[in-house]
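Novice: Attaching a single structure in structure tokens format; questions to follow.
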Amino acid sequence: MIQKYIILFTLCFVIQMSWGQKALLKEANKAFKANDYHTAIADYKMLENPDFQAQLNLADSYYYLGNMRDAASIYKICNMSDTGLNTDALLRYADAEKANNNYEEANKILSKYAGKPVNIQEKLAENEENLPLLFDLQMLDKDSEHAEFGPVLYQDKLVFSSDRNNDRPIYKRTQQPFLDLYIATVNGNTLTDITLFSEAINTPLHEGNTAFTKDGKTIYFTRTNEDYKRINGVKVAVLQLFKADFKDGTWQNIENLPINNDSYSLAHPSLSADDKTLYFTSDMPGGYGGGDIYKVELLADNNYGAPINLGPSVNSEMQEQFPYISEEGNLYFASDRFMGLGGLDLYRSDSKDGAFAEAYNMGPTINTNRDDFSFIIDTQNATGYFSSNHSGTDKIYHFTAIDNRKHELSGIVINTETQRPISQVVVTLYHAETNLEQVKTDAQGHYNFRLNPNTNYHVEASLQDFQPATRKIIVDRKSNLQLEVDLPLQPVHNILAERHLDNIYFDFDKAVIRPEAREILDKLADFMQENPTIKIAIASHTDAVGSTSYNKILSEKRAKATKNHLINKGIDANRMMTKACGEKHLLIDTSDSSEKEAREEKNRRSEFKIVTE
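Taken in order, the sequence shown gives residues 163 to 775; the numbers are from my numbering.
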């Protein structure tokens, strides 16, 4: 009899446990569907023999809460099972491994997903050299324990979202208060004077991600819709776009935009520089992936055009969020596409001919293996802000952008006499008098160099029997990426024909350079520095007064004084030849002249001739 009771008791206990496990699984699944991941994790962990779906839900719960280590561990178990992970789960698994800095494993997972070898680091390294901007980062308010993200500049202050308001209800997904909008002053790396942005705009629900018109009188912002939609019987929040006007010192006329829809979300507004176009993210039907970036034209009388998807150059099969349009019309946004560093990465798509070019990853100086998003930039000052949860909590970072663009300098070396290009000319690139690089022109006379930004250069073309050509090159943020500078080379015989070199004259029985002669010699020195292949012959003369031997010595002194003056002006002595002519070559015969002294001066001279060797 006792044995029967034991069997009956055991059977009842097993049935009760089975019912308990089923009830626990039901509660876990309910919490998971409601995005209450903390409760879901606690319930799933209590299951004794969880099936594949329960394990996958547990991994996803860890993933959505940012616990990537536990998420990766359980994804791995699921992937090794007979069922295996589907493509969406594979991407989350790879993302979790990236967050754990396990890129080798992430590459293996993504190779399986893509059906071909994938190497994230190698791909990004290939692109890094061509990135236009690199970034120097500083975290703001790093001692704060609160989440802070979505920075926007407004009246020299920063407006952002935060969960720091403990009077708000607790959001189950994060176990933190619902988000409100705040405004603060940036003081160094600290946020000071933090206050609620507007009691009229903030509600017990989430508010975040704003955009202001240029005059600061209109705000567009994101808010959770009060009317939840139901998916499989579970209430799911929908994000919507709202607008408000600043009048009489307060924000009023708060309205739900007519482009909203209770069946899908619209969020993360950004305005074009002219305030005529609103950009946002949405998971509306007909997109390329889970969330795409759209634009809508803002019409007169508070009317709106039809939302337009920005297309495949921007959007992918993954999530695109947090758009920002710069003053130049370039688009910055966040995406979790699988070739990123992990989580959301920042991307840029440049505006070109009224469309957006292919988006590219902004690189590892700003992107991390976690979520990086909500980017804004002041391109004139090369500074801005963005958000990242790399530290474990959403934080705002200030950055200084460093110009990394490679400018291309190219041109043609031309013979000024024939107007034809010259091949085999040596073209030298200098920076601060340092020879950086030399090339020779090709058969068409072309040359080219790659230049670094924010650097001053000069380029010189030189060829025997031609006057060298030199040009200054200043590369700054306003410079074009393609710089074209042609270098004209003038044949030396043309220079000699065109250049008249004045004589200099001396006082009677003197070898001292006169003031007016100094000016002539200084110009000659400049000419020789501009034409470094040219050499000169200096011939010095005397008048006929005195003995022939005395005049020979006097002319030697005059030649030496002339040469020394040019040496003192930086001319190499080897570029000058001197000849003492004495009284042998009188220009004017003064033996029978009533103006003998005045005319004798023409004979007391140094003459110059240009020679080439």
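Backbone N, C-alpha and C define an ideal beta-carbon position, used for all residues, glycine too.
Leaving out the 5 sequence neighbours to the left and right, which residues in its chain are closer than 7 angstroms to residue 285 when beta-carbon positions are compared?
Specialist: In the sequence shown, residue 285 corresponds to position 123, counting from 1. Excluding positions up to five away in sequence, the list reads 501.
Novice: With DSSP run on the structure shown, which of helix, strand or coil describes residue 647?
Specialist: Sequence index remark: in the sequence shown, residue 647 carries index 485 (1-based). Correct three-state label for residue 647: coil.
Novice: What number of angstroms, rounded off, separates the C-alpha of residue 269 from the C-alpha of residue 559?
Specialist: Position 107 of the sequence shown, counted from the first residue, corresponds to residue 269. Position 397 of the sequence shown, counted from the first residue, corresponds to residue 559. Each residue's Cα considered, the two are about 29 angstroms apart.
Novice: Using the beta-carbon count (16 or more within 10 Å), is residue 211 buried or exposed?
Specialist: Taking the first residue of the sequence shown as 1, we reach residue 211 at position 49. The residue in question, residue 211, is exposed, as its Cβ has fewer than 16 Cβ neighbours within 10 Å.
Novice: Hey, residue 428 and residue 460: beta-carbon distance below 8 angstroms or not?
Specialist: In the sequence shown, residue 428 corresponds to position 266, counting from 1. In the sequence shown, residue 460 corresponds to position 298, counting from 1. No. Outside cutoff.
Novice: Alpha carbon to alpha carbon, what distance is there between residue 585 and residue 775?
Specialist: By 1-based counting over the sequence shown, the position of residue 775 is 613. By 1-based counting over the sequence shown, the position of residue 585 is 423. Reliability fails at residue 775, whose pLDDT of 48 lies under 50, so the model's placement of it is uncertain and no value is given.
Novice: Since residue 307 is in the alpha helix (DSSP H), which residue starts that stretch and which ends it?
Specialist: Locating residue 307 in the sequence shown gives position 145, counting from the first residue. That residue, residue 307, is in no alpha helix (DSSP H); it is neither H nor E in DSSP.
Novice: Per the DSSP calculation, residue 739 is bridged to which residue(s)?
Specialist: Within the sequence shown, numbered from 1, the residue matching residue 739 stands at position 577. Answer is 699.
Novice: Can you give the Cα-Cα distance for residue 277 and residue 328, rounded to whole angstroms?
Specialist: As a position in the sequence shown, residue 277 is number 115, starting the count at 1. As a position in the sequence shown, residue 328 is number 166, starting the count at 1. The alpha-carbon atoms of residue 277 and residue 328 are separated by roughly 48 angstroms.
Novice: Return the chain-ordered list of same chain residues with a C-beta closer than 8 angstroms to the C-beta of residue 599, the five sequence neighbours on each side being excluded.
Specialist: Indexing the sequence shown from 1 puts residue 599 at position 437. The answer, listed in chain order, is 590, 591, 611.
Novice: Skipping 5 residues on each side, what residues in its chain have a beta carbon closer than 6 angstroms to that of residue 272?
Specialist: Here residue 272 corresponds to residue number 110 of the sequence shown, with the count starting at 1. Closer than 6 angstroms at the Cβ level, and outside the excluded window around residue 272, lie 256, 280, 500.
Novice: Do the stretch 447-458 and the stretch 475-486 make contact, defined as three or more Cβ pairs closer than 8 angstroms?
Specialist: Verdict: yes, contact present.
Novice: Quick check: the Cα distance between residue 367 and residue 615, rounded to an integer number of angstroms?
Specialist: As a first step, residue 367 is located in the sequence shown; it is residue number 205 there, counting from the start. As a first step, residue 615 is located in the sequence shown; it is residue number 453 there, counting from the start. Using only the alpha carbons, I get a separation of about 47 angstroms.
Novice: Report the rounded CA-to-CA distance for residue 218 versus residue 566, giving the unit in angstroms.
Specialist: Position 56 of the sequence shown, counted from the start, is the residue given in the question as residue 218. Position 404 of the sequence shown, counted from the start, is the residue given in the question as residue 566. Computed Cα separation, rounded: 43 angstroms.
Novice: For the candidate residues 371, 313, 339, whose alpha-carbon lies nearest to that of residue 325?
Specialist: Position 163 of the sequence shown, counting from 1, holds the residue named residue 325. Out of 371, 313, 339, 339 has the C-alpha closest to the C-alpha of residue 325.
Novice: Using a Cβ-Cβ cut-off of 6 angstroms (strictly less than) and excluding sequence neighbours within five positions of residue 699, which residues of its own chain qualify?
Specialist: Within the sequence shown, the letter at position 537 stands for residue 699. The answer, listed in chain order, is 739, 771, 773.
Novice: My parser needs the beta strand (DSSP E) runs of 3 or more residues fully inside the stretch 539-582; what are they?
Specialist: The stretch 539-582 contains these whole beta strand (DSSP E) runs: 545-550, 557-565, 569-577.
Novice: Give me whichever residues DSSP pairs with residue 662 in a beta bridge.
Specialist: The residue you call residue 662 lines up with position 500 of the sequence shown. Answer is none; residue 662 lacks a bridge partner.
Novice: Starting from the C-beta of residue 261, find all residues in its chain whose C-beta is less than 7 angstroms away, skip the five residues before and the five after it, and write them out in chain order.
Specialist: Here residue 261 is taken as the residue at index 99 of the sequence shown, counted from 1. Correct list, in chain order: 230, 504, 505, 531, 532.
Novice: Please list, in chain order, all residues of the same chain as residue 764 whose beta carbon is under 6 angstroms from its beta carbon, the five residues on each side excluded.
Specialist: One-based indexing of the sequence shown puts residue 764 at position 602. 749, 750, listed in sequence order.
Novice: Could you give the DSSP three-state label for residue 613: helix, strand or coil?
Specialist: Locating residue 613 in the sequence shown gives position 451, where the first residue counts as 1. It is a strand residue.
Novice: Cβ atoms of residue 343 and residue 378: under 8 angstroms apart, would you say?
Specialist: For the purposes of this step, residue 378 is taken as the residue at position 216 of the sequence shown. For the purposes of this step, residue 343 is taken as the residue at position 181 of the sequence shown. No. Outside cutoff.
Novice: Helix, strand or coil: how does DSSP classify residue 762 here?
Specialist: Position 600 of the sequence shown, counted from the start, is the residue given in the question as residue 762. Residue state, collapsed to three classes: helix.
Novice: Alpha carbon to alpha carbon, what distance is there between residue 685 and residue 746?
Specialist: Along the sequence shown, read from residue 1 onward, the residue named residue 746 stands at position 584. Along the sequence shown, read from residue 1 onward, the residue named residue 685 stands at position 523. Near 28 angstroms, if we compare the C-alpha coordinates of residue 685 and residue 746.
Novice: Name the DSSP bridge partner or partners of residue 456?
Specialist: Position 294 of the sequence shown holds residue 456. According to DSSP, which records beta bridges pairwise, residue 456 is partnered with 442, 471.
Novice: What does the alpha-carbon distance come out to for the pair residue 742 and residue 577?
Specialist: For the purposes of this step, residue 742 is taken as the residue at position 580 of the sequence shown. For the purposes of this step, residue 577 is taken as the residue at position 415 of the sequence shown. Taking the straight line from one Cα to the other gives about 38 angstroms.
Novice: Looking at the structure shown, is residue 674 part of a helix, part of a strand, or coil, going by DSSP?
Specialist: Within the sequence shown, the letter at position 512 stands for residue 674. Looking at residue 674 - three-state DSSP - the assignment turns out to be coil, as it is neither helix nor strand.
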